[in-house]
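To convert, count from 1 in the sequence shown and add 2; that's our numbering.
For each residue, glycine too, the CB sits at the ideal point set by N, CA and C.
Down below is the structure, laid out as structure tokens.
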Amino acid sequence: MTPVPLLCFPPAGAGAGFYHDWRGVRPGLDVHGVELPGREKRFAEPPLTAMTALVDDLVPGILDQTADRPEVVFFGHSFGASVAYEVVRALTAAGRTGLTLIVSGAAAPGTGTRPAITGLPDDEFVAGVRRIAGYRHPALDDPELRELLLPALRADVTCQEQYRPAPLPRLAVPVVALRGAADDLVTATDAARWSEVTDGRFIGAELPGGHMYLVDAAPVVLALVERSRG
């Protein structure tokens with residue numbers, strides 16, 4: 003049986019490598035981290051600060067990549083959930099079928115509010131990211147690495163803070179919303195409201211851990227993903 007493509011959108015500031023350890027965990031899933039501008043293989047490109055521009059950048063390549071695949075699963079965590087959702091909206095508007103959307107550690111569009119940190123000095127910005135993400139990447143403690151990582155991280159935070167989803171028709175695809183049971187950044191109510199974006203099947207599930215529960219739970223998450231396919 004041909005594995006089903008699982009396209010994974012990283013959290014703010016991260017690249018496709020965030021999902022490197024997911025590859026090969028489930029033979030039924032062909033895991034691909036989605037590379038955003040300004041990081042890893044696309045480091046030389048300027049990061050994008052508007053959701054519409056980011057979606058316009060990603061959709062053509064995804065259409066080409068999945069043209070011969072009847073089924074595709076999209077997974078996004080935190081900021082990546084917003085990007086995955088908008089990409090799926092664009093793909094369905096273009097007539098693409100056979101899609102499943104899995105969002106993780108994210109409030110539904112138009113819900114959840116956080117203090118704005120765009121424009122803060124570097125140290126305050128990094129501290130703000132830690133507060134809203136519940137996680138601090140060790141690389142941000144290295145001055146040279148931080149200088150390399152901050153442009154993409156700032157761009158993603160700006161993109162998320164300025165994101166206002168358009169009131170388009172509801173999706174018709176299956177949607178699964180995951181969260182860590184101890185996540186104090188995304189409430190169970192915020193996650194459950196992802197049911198409002200689709201007329202398709204909706205599943206909500208909690209797994210042990212906080213906002214970044216998935217870092218140490220790849221086998222469990224991927225098993226759930228495989229069971230939840232449309």
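- In the three-state DSSP reduction, aspartate 125 falls in the helix class (H, G or I).
- A distance of 8 Å or more separates the beta carbons of leucine 101 and valine 61.
- In this chain, the alpha helix (DSSP H) harbouring arginine 148 covers 145–164.
- Judged by DSSP secondary structure, aspartate 66 falls within the alpha helix (DSSP H) whose first and last residues are 53–67.
- For histidine 22 against alanine 135, the beta-carbon gap comes to about 19 Å, at or over 8 Å, which does not count as contact.
- In the three-state reduction of the DSSP assignment, histidine 22 falls in the helix class.
- Taking all protein chains in view, the Cβ of threonine 160 is crowded by 16 or more other Cβ atoms within 10 Å, so the residue is classified as buried.
- Annotated three-state conformation of arginine 172 is coil, per DSSP.
- Distances from the CA of leucine 155 to each of Val27, Asp59, Ser80, Pro176 were compared; the closest alpha carbon is that of Ser80.
- The C-beta of methionine 53 has 16 or more other C-beta atoms within 10 Å across all chains shown, which makes the residue buried.
- Every beta strand (DSSP E) stretch that sits fully inside the segment 183–216 and reaches 3 residues is listed by chain position as 204–209.
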